[in-house]
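S.K.: Below are the structure tokens for one structure; questions will follow.
There are 2 protein chains.
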Amino acid sequence: MMRPKIYLFGDSITEESFSAGGWGAALAHHFSRTADVVLRGFSGYNTRWAMKVLDKVFPAEMNVGNGRAPLAVTVFFGANDACLPDRCSAFQHVPIDEYSQNLHAIVAYLKNRWPSTHVILITPPPIDEVARLLHRYGEIHSDLPERTNEAARNYAKACVTVARECGAPVVDLWSRMHQFPDWGKAYLRDGLHLTLGGNKIVFEEVIGKLKEVGLSLETLPADLPFTDAMDPNDPLKVFDQMPTTDFKMFRVI
Amino acid sequence: MMRPKIYLFGDSITEESFSAGGWGAALAHHFSRTADVVLRGFSGYNTRWAMKVLDKVFPAEMNVGNGRAPLAVTVFFGANDACLPDRCSAFQHVPIDEYSQNLHAIVAYLKNRWPSTHVILITPPPIDEVARLLHRYGEIHSDLPERTNEAARNYAKACVTVARECGAPVVDLWSRMHQFPDWGKAYLRDGLHLTLGGNKIVFEEVIGKLKEVGLSLETLPADLPFTDAMDPNDPLKVFDQMPTTDFKMFRVI
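Chains E and S supply the protein sequences, listed in that same order.
Numbering-wise (my numbering), the first sequence opens with residue 1 and increments by one.
Numbering-wise (my numbering), the second sequence opens with residue 1 and increments by one.
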């Protein structure tokens, strides 16, 4: 049987999530014997562009043969939608009402394809405007960043609202990061993208949401016998007892 | 079209390769828009046990429907086969002749299933025996480690020979690490498993072998338009020009 999959769909904060210490790699490591964590991050994308590529990110072939519904899909957009419409990243801006509609449509698309799949929304992170300018994003001459924390907050709130309306789990990353006063330095590398600490938060929050919907090492069987389940005097025995079609076991935690 | 895949098949050094700074995650990050890096590491496994699970690690469903041959499979066993037969990890030991036969059989199995797939062998790393004992592996009372560097060298040589006989690319990790005098501390965490530096070497060597067989960011098209390929005045244009079935482009490097 094919190993089940968890898809990570989002923008650059997803695309770079397998870099050293990244939250995507941490998920893959956590589920190393259990589920494949599949990277579908597209740097710079907003929900409008995400809508244009849904059929290619989740191609029809996924349902062919013995294709199984993904266990879960994280949908992590909004940081680009929230770019201000009158500054240098305006071409990425999506008005907040359209952002909400697009998120609704993405969730509906995924739930329509795979009713059993858990779609987990993640809000955009906060924005450290001073750090954005220090890293030379935004209007250098006017000292105005291309993103503001206030806009990020509004898009995060809209994302939480969509999640409530859809009955989908949501990681309110904007609020979660604000629980720590020094969030700008602690969690954000350039005022937007994640530090190791920021990655750790996303990993822990996603793991928590997965657990809430019943997806954890306790509930998902692992592939093939663990070495500590073998009889040192006859290690082959466990393999000879495997059913021909599949072999799953639970890790002792 | 489904994104092509690179499988990592091996023991604990593969299973933990998506931990922070791990070589597997680094590959997934490198190919983040290009190929899925699929983790199939099984801690403690030797080639004898690997042979028992081949049909489950690479199930028949992979060929069903529009299943595509993997681009490449790394086969990274030997560290457990090389456990000494008269010490505490004896149950993992596989005689060196059987190790060679098993590696041959694994390569033949994969090439038979997918003739176009590049099978890349990786030798076991060297063993720092003092570090093994410090980490309390081996016979504590007799001060004899359960693995020796001499045995690892012999299994590495056997792996290189198998690769030559099969015409398969091989990463001679044992020899590569010995190029640096302080390899034990620099590359190995506990005398066997990889440090960040050791992970970096495996990543670079595997990337190098993939490139030699024609698999690189220059030759593998990436999924969906890059943001810098969009017209800021009409970003949707590039999506409207996408063919309905597929969209690939090359990253400008």
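Ideal Cβ placement from N, Cα and C applies to all residues, glycine included.
Treat the numbers as computed from the prediction; the structure is a model and nothing was measured.
#1: Does the Cβ-Cβ distance between residue 92 of chain S and residue 44 of chain S come in under 8 Å?
#2: Just tell me which of S/88, S/129, S/198 and S/47 has its CA closest to the CA of residue 95 of chain S.
#3: With DSSP as the reference, please indicate the residues paired to residue 193 of chain E in a beta bridge.
#4: Decide yes or no for the touch test of the segment 51–60 of chain S against the segment 18–35 of chain S: beta carbon pairs closer than 8 Å, at least 3 of them.
#5: Which residues in chain S sit within 8 Å of residue 224 of chain E, going by Cβ to Cβ distance?
#6: Listing by chain order, which chain S residues have their CB less than 8 Å from the CB of residue 2 of chain E?
#7: Does the CB of residue 32 of chain S have a neighbour CB from chain E at under 8 Å?
#8: Can you tell me where the beta strand (DSSP E) holding residue 74 of chain E begins and where it ends?
#9: How about residue 227 of chain E: is its C-beta nearer than 8 Å to some C-beta of chain S?
#10: Would you report the Cα separation of residue 205 of chain S and residue 173 of chain S, rounded to the nearest angstrom?
#11: Flag residue 28 of chain S as yes if its beta-carbon sits less than 8 Å from any beta-carbon of chain E, otherwise no.
#12: Buried or exposed: residue 237 of chain E, going by 16 or more other Cβ atoms within 10 Å of its Cβ?
#13: Looking only at its chain, what residues have a beta carbon closer than 6 Å to the beta carbon of residue 34 of chain E, apart from the 5 residues adjacent to it on each side?
#14: Please classify residue 180 of chain S as buried or exposed, where buried requires at least 16 neighbouring CB atoms within 10 angstroms.
#15: Measure from the alpha carbon of residue 89 of chain E to the alpha carbon of each residue in S/247, S/231 and S/224, then state which is nearest.
#16: Roughly how many angstroms lie between the CA atoms of residue 162 of chain S and residue 7 of chain E, to the nearest whole one?
#17: Using a Cβ cut-off of 7 Å, pull out every chain S residue sitting near residue 19 of chain E, in sequence order please.
#18: Given a cut-off of 8 Å on the beta-carbon distance, is the pair residue 117 of chain S and residue 50 of chain S in contact?
#19: With DSSP as the reference, identify every bridge partner of residue 249 of chain E, one or two as the case may be.
#20: Apart from the five residues on each side of it in sequence, which residues of its chain come closer than 7 Å, Cβ to Cβ, to residue 201 of chain E?
#21: Do residue 127 of chain S and residue 147 of chain S have their beta-carbon atoms positioned less than 8 Å apart in this structure?
#22: Between the alpha carbons of residue 217 of chain E and residue 13 of chain S, how many angstroms are there, rounded?
#23: If you follow the alpha helix (DSSP H) that residue 160 of chain E is in, where does it begin and where does it stop?
#24: Please name the residue in S/38, S/105, S/104 and S/82 whose C-alpha comes closest to that of residue 73 of chain S.
#25: I'd like to know whether the C-beta of residue 97 of chain S is nearer than 8 Å to at least one C-beta of chain E.
#26: Starting from residue 120 of chain E, follow its DSSP beta bridges and name the residues at the other end.
#27: Do residue 151 of chain E and residue 84 of chain E come within 8 Å of each other at the CB atom, strictly closer than that value?
#28: Using alpha carbons as the reference points, say which of E/97, E/41, E/36 and E/9 lies closest to residue 30 of chain S.
#29: Output needed for residue 170 of chain E: all residues of its chain with C-beta closer than 6 Å, excluding positions within five of it in sequence on either side, in chain order.
#30: Applying the criterion that 16 or more other CB atoms from any shown protein chain within 10 Å of the CB defines a buried residue, is residue 224 of chain E buried or exposed?
#31: Measuring only the C-alpha atoms, how far is residue 54 of chain S from residue 208 of chain S?
#32: Could you check how far apart the C-beta atoms of residue 191 of chain E and residue 129 of chain E are, in whole angstroms? I think they sit under 8 Å.
#33: Please state the DSSP three-state secondary structure of residue 6 of chain E.
#34: Of all the residues that make up the segment 172–189 of chain S, which are near chain E by a beta-carbon distance shorter than 7 Å?
#35: Against chain E, does residue 146 of chain S count as a neighbour if the rule is that its beta carbon must be under 8 Å from one of theirs?
#36: Per DSSP, what kind of secondary structure is residue 198 of chain S in: helix, strand or coil?
M.R.: Result, derived from the coordinates:
#1: By 1-based counting over the second sequence, the position of residue 92 of chain S is 92. By 1-based counting over the second sequence, the position of residue 44 of chain S is 44. Going by C-beta atoms, residue 92 of chain S is nearer than 8 Å to residue 44 of chain S.
#2: Locating residue 95 of chain S in the second sequence gives position 95, where the first residue counts as 1. Closest in C-alpha terms to residue 95 of chain S, from the list S/88, S/129, S/198 and S/47, comes S/47.
#3: Working through the first sequence from its first residue, we reach residue 193 of chain E at position 193. Per DSSP, residue 193 of chain E has no beta bridge partner at all.
#4: Cβ pair count under 8 Å is below three, so no.
#5: As a first step, residue 224 of chain E is located in the first sequence; it is residue number 224 there, counting from the start. Under a criterion of Cβ atoms nearer than 8 Å, the residues of chain S adjacent to residue 224 of chain E are, in order, 42, 53, 56 and 57.
#6: Mapped onto the first sequence, residue 2 of chain E falls at position 2. Result: 59, 61 and 62.
#7: Working through the second sequence from its first residue, we reach residue 32 of chain S at position 32. The C-beta of residue 32 of chain S comes closer than 8 Å to at least one C-beta of chain E.
#8: Indexing the first sequence from 1 puts residue 74 of chain E at position 74. 72–76 is the extent of the beta strand (DSSP E) around residue 74 of chain E.
#9: The residue given as residue 227 of chain E occupies position 227 in the first sequence. Chain S, which has a Cβ nearer than 8 Å to the Cβ of residue 227 of chain E, makes this yes.
#10: Residue mapping note: residue 205 of chain S aligns to position 205 of the second sequence, counting from 1. Residue mapping note: residue 173 of chain S aligns to position 173 of the second sequence, counting from 1. Going by C-alpha positions, residue 205 of chain S is about 8 Å away from residue 173 of chain S.
#11: Within the second sequence, the letter at position 28 stands for residue 28 of chain S. Closer than 8 Å: yes.
#12: Here the question's residue 237 of chain E lines up with position 237 in the first sequence. Under this definition residue 237 of chain E is an exposed residue.
#13: Against the first sequence, residue 34 of chain E aligns to sequence position 34. So the list reads 220 and 222, once near-sequence residues are dropped.
#14: For the purposes of this step, residue 180 of chain S is identified with residue 180 of the second sequence, where counting begins at 1. Label assigned to residue 180 of chain S: exposed.
#15: Taking the first residue of the first sequence as position 1, residue 89 of chain E is located at position 89. Relative to residue 89 of chain E, the option among S/247, S/231 and S/224 whose CA is nearest is S/231.
#16: As a working mapping, residue 162 of chain S is identified with position 162 in the second sequence. As a working mapping, residue 7 of chain E is identified with position 7 in the first sequence. Answer to the nearest angstrom: the Cα atoms are 37 Å apart.
#17: Against the first sequence, residue 19 of chain E aligns to sequence position 19. Neighbours of residue 19 of chain E in chain S, taken as residues at a C-beta separation under 7 Å, are given in chain order as 29.
#18: By one-based count along the second sequence, residue 117 of chain S stands at place 117. By one-based count along the second sequence, residue 50 of chain S stands at place 50. Taking 8 Å as the Cβ cut-off, residue 117 of chain S and residue 50 of chain S do not qualify as a contacting pair.
#19: Residue 249 of chain E sits at position 249 when you count from the first residue of the first sequence. In the DSSP assignment, the residues bridged to residue 249 of chain E are E/222.
#20: One-based indexing of the first sequence puts residue 201 of chain E at position 201. Its chain contains 176, 177 and 187 as the residues whose beta carbon lies nearer than 7 Å to that of residue 201 of chain E, once the 5 sequence neighbours on both sides are disregarded; these appear in chain order.
#21: Residue 147 of chain S sits at position 147 when you count from the first residue of the second sequence. Residue 127 of chain S sits at position 127 when you count from the first residue of the second sequence. One thing to note: residue 147 of chain S has its Cβ within 8 Å of the Cβ of residue 127 of chain S.
#22: The sequence position of residue 217 of chain E within the first sequence is 217, counting from 1. The sequence position of residue 13 of chain S within the second sequence is 13, counting from 1. Rounded to the nearest whole angstrom, the CA to CA distance from residue 217 of chain E to residue 13 of chain S is 21 Å.
#23: Locating residue 160 of chain E in the first sequence gives position 160, counting from the first residue. It spans 149–166 - the alpha helix (DSSP H) in which residue 160 of chain E sits, taken as one unbroken run.
#24: Position 73 of the second sequence, counted from the start, is the residue given in the question as residue 73 of chain S. Distance check between residue 73 of chain S and each of S/38, S/105, S/104 and S/82 places S/38 closest, using alpha-carbon atoms only.
#25: Residue numbering aside, residue 97 of chain S sits at position 97 when the second sequence is read from its first letter. No - not a single Cβ of chain E is within 8 Å of the one on residue 97 of chain S.
#26: Sequence index remark: in the first sequence, residue 120 of chain E carries index 120 (1-based). Answer is E/74, bridged to residue 120 of chain E.
#27: Position 84 of the first sequence holds residue 84 of chain E. Position 151 of the first sequence holds residue 151 of chain E. Yes, these two residues count as a Cβ contact at 8 Å.
#28: The residue given as residue 30 of chain S occupies position 30 in the second sequence. Proximity to residue 30 of chain S across E/97, E/41, E/36 and E/9 peaks at E/41, based on C-alpha coordinates.
#29: By 1-based counting over the first sequence, the position of residue 170 of chain E is 170. If we look at residue 170 of chain E and ignore the five residues flanking it on each side, its Cβ neighbours are 121, 160 and 163.
#30: Looking up residue 224 of chain E in the first sequence gives position 224. Residue 224 of chain E should be labelled buried.
#31: Locating residue 54 of chain S in the second sequence gives position 54, where the first residue counts as 1. Locating residue 208 of chain S in the second sequence gives position 208, where the first residue counts as 1. The alpha-carbon atoms of residue 54 of chain S and residue 208 of chain S are separated by roughly 26 Å.
#32: Translated into positions along the first sequence, residue 191 of chain E becomes position 191. Translated into positions along the first sequence, residue 129 of chain E becomes position 129. Yes, they are in contact, since the Cβ atoms of residue 191 of chain E and residue 129 of chain E sit about 7 Å apart, within 8 Å.
#33: Along the first sequence, read from residue 1 onward, the residue named residue 6 of chain E stands at position 6. If DSSP states are grouped into helix, strand and coil, residue 6 of chain E belongs with the strands.
#34: Result list empty, no residue passes.
#35: Position 146 of the second sequence, counting from 1, holds the residue named residue 146 of chain S. No - not a single Cβ of chain E is within 8 Å of the one on residue 146 of chain S.
#36: Position 198 of the second sequence holds residue 198 of chain S. When DSSP states are grouped into helix, strand and coil, residue 198 of chain S belongs to the helix group.
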